[in-house]
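Each residue of the sequence shown is one higher than the last, beginning at 1 in UniProt numbering.
The block underneath contains the structure these notes are about, expressed in structure tokens.
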Amino acid sequence: MADFETYLERAIDRLDDGSPNRALIREHFALDVPDAKRGKRLRPRILIAVAQTEGTPAERAFAAAAALELLHNFSLVHDDIEDRDELRHGRPTLWSRYGVPAALEAGNALCALSYLTLMEGSAELPPATVAAMAAALYHAHYRMCQGQAYDIGFETSATVSFAEYVRMIEGKTAALFGAACELGALAAGATGDRAAAYGCVGRAYGLAFQVRDDILGAFGATQVTGKPSGADIRRRKWSFPVTWALSGPPSDDRAVVADAYASIGELSDGCAVGVIAALERLGAQIAADDACAAYIRDANETSAAHDLDRDGRLAAIFEATARRTA
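This is the structure:
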């Protein structure tokens, strides 16, 4: 991915040299910090893998991959503001260092740069293909914003159903994974139907990715994840383990979870420990593991039904990241 990293940095540097946005975006990506932790680049990796599987060189998909990564990071900059997170990858977030207005504008610039990168970097592709790629990215962008809006609304909700949770992650997380697969196929010249099938595969994987993230956020060990144990529970996040557990029949353990989540604001350490123990007794971690495996199965079955991912490289990425421990 070294060549892609170079392409991504060049895309960012298309911003005016004197622009405050350019400086903040470079800082967000840690482009001037040697050996910095810069994220997994998972969505671009998936996009490029699909393009290669469909028979096109990786470089032909770089513009779409960079556009997707820029859009993803636009969402991260704004998420950090909305969640009041002060650190990302161990570094101060933009809003915590420069204030909310400056971070908002840097995020907005990332969003605009995403579409510019896609349109201008894909000029050698047929106009109809570029239009289809732009439509796919816009649609995923809109779905992502829908999902985030649901998630924000959950913060002040005393109850969230399992169906509402799934609807939220279908937008907030799965939409961009679907776009990664669809854009990769389109960049390789796939038909609209074939690209749409890849999009279904990506969305199923995105659901698995989010459920796995929820497992780590609730049950992951600090020494493995690098994050405080039970961080999502302390923050009263409506995740898979919580919404699944509360979807069952009344019980003492469900009452523990329901009472804690009926409050507003962060949970105390003692309360969080009690909720985690109740979730474990209810089998929420096992149910989440099973759901993650089922979503992966759905992705693989869709691939097989449409003769996608013929060399298995996409499935390999899915399997590795859906079973990650950090």
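Heads up, the beta-carbon is just placed ideally off N, CA and C, and yes, glycines get one too.
Burial state of residue i, where buried means 16 or more other Cβ atoms lie within 10 Å
{"i": "Leu183", "result": "buried"}
{"i": "Ile25", "result": "buried"}
{"i": "Lys237", "result": "buried"}
{"i": "residue 327", "result": "Given that the chain is displayed from residue 1 to residue 326, the structure contains no residue 327 and the question cannot be resolved."}
{"i": "Thr156", "result": "exposed"}
{"i": "Pro44", "result": "buried"}
{"i": "Ala123", "result": "exposed"}
{"i": "Thr173", "result": "buried"}
{"i": "Thr325", "result": "exposed"}
{"i": "Ile264", "result": "exposed"}
{"i": "Tyr138", "result": "exposed"}
{"i": "Met144", "result": "buried"}
{"i": "Met1", "result": "exposed"}
{"i": "Ala262", "result": "exposed"}
{"i": "Val100", "result": "exposed"}
{"i": "Asp32", "result": "exposed"}
{"i": "Glu69", "result": "buried"}
{"i": "Gly217", "result": "buried"}
{"i": "Tyr142", "result": "exposed"}
{"i": "Pro54", "result": "Residue identity differs from the one stated: residue 54 is Glu in this sequence, not Pro. Buried, since its Cβ has 16 or more Cβ neighbours within 10 Å."}
{"i": "Arg84", "result": "exposed"}
Assigned secondary structure, residue i (DSSP; H/G/I helix, E/B strand, else coil)
{"i": "Pro92", "result": "strand"}
{"i": "Leu216", "result": "helix"}
{"i": "Leu87", "result": "strand"}
{"i": "Gly153", "result": "helix"}
{"i": "Trp238", "result": "coil"}
{"i": "Ala58", "result": "helix"}
{"i": "Lys40", "result": "coil"}
{"i": "Val211", "result": "helix"}
{"i": "Glu301", "result": "helix"}
{"i": "Pro127", "result": "helix"}
{"i": "Gly248", "result": "coil"}
{"i": "Thr191", "result": "coil"}
{"i": "Gly230", "result": "coil"}
{"i": "Glu82", "result": "helix"}
{"i": "Gly265", "result": "coil"}
{"i": "Thr53", "result": "helix"}
{"i": "Leu15", "result": "coil"}
{"i": "Val201", "result": "helix"}
{"i": "Thr243", "result": "helix"}
{"i": "Arg310", "result": "coil"}
{"i": "Ala158", "result": "coil"}
{"i": "Val33", "result": "coil"}
{"i": "Ala221", "result": "coil"}
Where the alpha helix (DSSP H) containing residue i begins and where it ends
{"i": "Glu164", "result": "Phe162 to Ile169"}
{"i": "Arg10", "result": "Ala2 to Ile12"}
{"i": "Leu176", "result": "Ala175 to Ala187"}
{"i": "Val257", "result": "Asp252 to Tyr261"}
{"i": "Ala109", "result": "Val100 to Gly121"}
{"i": "Ile25", "result": "Pro20 to His28"}
{"i": "Ile317", "result": "Arg313 to Ala322"}
### Task
Ignoring anything shorter than 3 residues or poking outside the stretch 270-294, list the beta strand (DSSP E) runs there in chain order.
none
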